[in-house]
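Taking the working numbering, the leading residue of the sequence shown gets 1, the next gets one more, and so forth. For every residue, glycine included, the Cβ atom is placed at its ideal position computed from N, Cα and C. Structure record follows, encoded as structure tokens.
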Amino acid sequence: MLHLDWENRETIKQVKCIHDNAAKYVVNNVLTVGKTYDVKNETDEFIFIIDNSGKVGGFYKDYFEEV
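Printed below as a string of structure tokens:
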């Protein structure tokens, strides 16, 4: 159960949010355009970061660019 300790894990890399215009989901309340986030886990399609709520959230990679 790796997801239970993601908040305390070492940061893999950092990414910068480039947009929050989601077609299907509301993400503008947990992401800020231009802000840099710490990546805690990554899959082929998703990046898991600590978002503005202070919790780990999974987002599509197209919201971010690597710093």
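The beta strand (DSSP E) enclosing residue i, as first and last residue numbers
i	result
Asn41	Thr36 to Glu42
Gly57	Val56 to Tyr60
Distance between residue j and residue i (C-alpha atoms, nearest Å)
i	j	result
Lys55	Glu7	7 Å
Thr36	Leu4	23 Å
Ile50	Cys17	12 Å
Collapsed DSSP secondary structure at residue i in the structure displayed
i	result
Lys16	strand
Glu79	A question about residue 79 goes unanswered here, because the residues of the chain that appear run from 1 up to 67.
Among the options, the one whose alpha carbon lies nearest that of residue i
i	options	result
Tyr60	Asp44, Ile12, Gln14 and Val33	Asp44
Gly34	Ile47, His19 and Lys24	His19
Val27	Gly58, Val67, Thr11 and Ile12	Gly58
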